[in-house]
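What follows is a short report on a single structure.
In the working numbering, the protein residues as written are 1446 to 1570.
Here you go:
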């Protein structure tokens, strides 16, 4: 039997997230994966930039970097300003809640005003 598991990261929505289907990312060396609104539910959170973050595998660790977005990226509630190590059980937040105002189009739902919030599960590293 081969017990080697390819390094992967799963992002599963938390209860207070803009709804999206869980995402599984598999990594190979020298591979950087950009994440933005197109990866999550189309028509999802309006606080995401394109691309919003970049995630990659380096020395058997999974790292993330915000792409200088207006609404930011947070790991366990702390805004990241440089590359940051992701760990199993972290809560990753892309964007911030947006308040409904006259500047928000009426067609935008309350769910779309929420950021993407995900539980991080890492295997194979």
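Glycine included, every Cβ here is placed at the ideal spot set by N, Cα and C.
Just so we're clear, the structure is a prediction, and the values are computed from it rather than from any experiment.
Inter-residue distance for residue 1508 and residue 1476 is about 11 Å (C-alpha atoms, whole angstroms). The continuous stretches of beta strand (DSSP E) do not include residue 1513, and DSSP gives it neither H nor E. In the DSSP assignment, residue 1566 falls within the unbroken beta strand (DSSP E) covering 1561-1568. With respect to residue 1465, residue 1543 sits apart: the two C-beta atoms are not nearer than 9 Å. For residue 1471 and residue 1536, the gap between their C-alpha atoms comes out near 19 Å. The C-alpha of residue 1506 is placed about 23 Å away from the C-alpha of residue 1485. Bounds of the beta strand (DSSP E) holding residue 1458 are 1453-1458.
Comparing C-alpha distances from residue 1519 to each of 1540, 1492, 1491 shows the shortest one belongs to 1540. Among the bridge pairs identified by DSSP, residue 1477 is matched with 1501.
Leaving aside the five residues that flank residue 1547 on each side, none in its chain has a CB nearer than 8 Å to its CB.
Inter-residue distance for residue 1529 and residue 1491 is about 24 Å (C-alpha atoms, whole angstroms). When the beta-carbon positions are compared, residue 1567 and residue 1532 come within less than 9 Å of each other. In its chain, beyond the 5 residues on either side, 1463, 1488, 1489, 1490, 1491 have a beta carbon closer than 8 Å to the beta carbon of residue 1557.
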